[in-house]
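Asker: After the structure tokens below, expect a handful of questions from me.
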């Protein structure tokens, strides 16, 4: 942020189960000059934050809301009423390559399994957490294979 001349004017830490303090904190932000808000919270707390902000008319044109990975990556799992409170929010998320045989194979298998277990869901594609878990498991399998080859070679 510093590279583009932006500064954090106020950092707000919220307790995990904030409720009444949530409206007070939003009111303080509203009274200040802060109009760009970067939200890095758990999904459940973010949902409550956006509902409260909408009631306080803080989801309108003069505000910019940006969400980070924990919220953006789970947007596909939110219900319609929650999504409606988040209209206009910019979500930033990690990126993973969607090309290549290994990913496409994983994507196909994941989507098929997820669709059979959760037919009520509309989005059957893996999110970033599923892709990261798959990538970590794949990396471990490769490391174990290489380790096994080295042990055989040393003997």
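In UniProt numbering, the protein residues as written are 1 to 155.
No residue lacks a Cβ here, since even glycine has one placed at the ideal position from N, Cα and C.
#1: Below 8 Å, how does it come out for the region 88–100 and the region 114–124: are there three or more Cβ pairs, yes or no?
#2: Along the chain, which unbroken stretches of the alpha helix (DSSP H) at least 4 residues long are found entirely within the UniProt domain "Receptor ligand binding region" (25–149)?
#3: Beta-carbon separation of residue 85 and residue 39 under 8 Å?
#4: Thinking C-alpha only, which one of 14, 25, 119, 42 is nearest residue 75?
#5: Taking DSSP as the reference, what is the three-state secondary structure of residue 9?
#6: Is the beta carbon of residue 47 less than 8 Å from the beta carbon of residue 82?
#7: Compare the C-alpha of residue 23 against each of 135, 121, 111, 56 and name the closest.
#8: So with Cβ pairs under 8 Å, would you call residue 49 a contact of chain B?
Answerer: Taking the definition as stated:
#1: The region 114–124 and the region 88–100 do not touch, with fewer than three beta-carbon pairs separated by less than 8 Å.
#2: List check, alpha helix (DSSP H) in window: 43–55, 69–72, 80–85, 101–117.
#3: In this structure, residue 39 does not lie closer than 8 Å to residue 85 by Cβ.
#4: When only C-alpha atoms are compared, the closest one is 42.
#5: Judged by DSSP in its simplified three-state form, residue 9 adopts coil rather than helix or strand.
#6: Between residue 47 and residue 82, the CB-CB gap stays under 8 Å.
#7: The candidate whose alpha carbon is nearest that of residue 23 is 56.
#8: Although the question refers to chain B, the structure presented lacks it and comprises just one protein chain.
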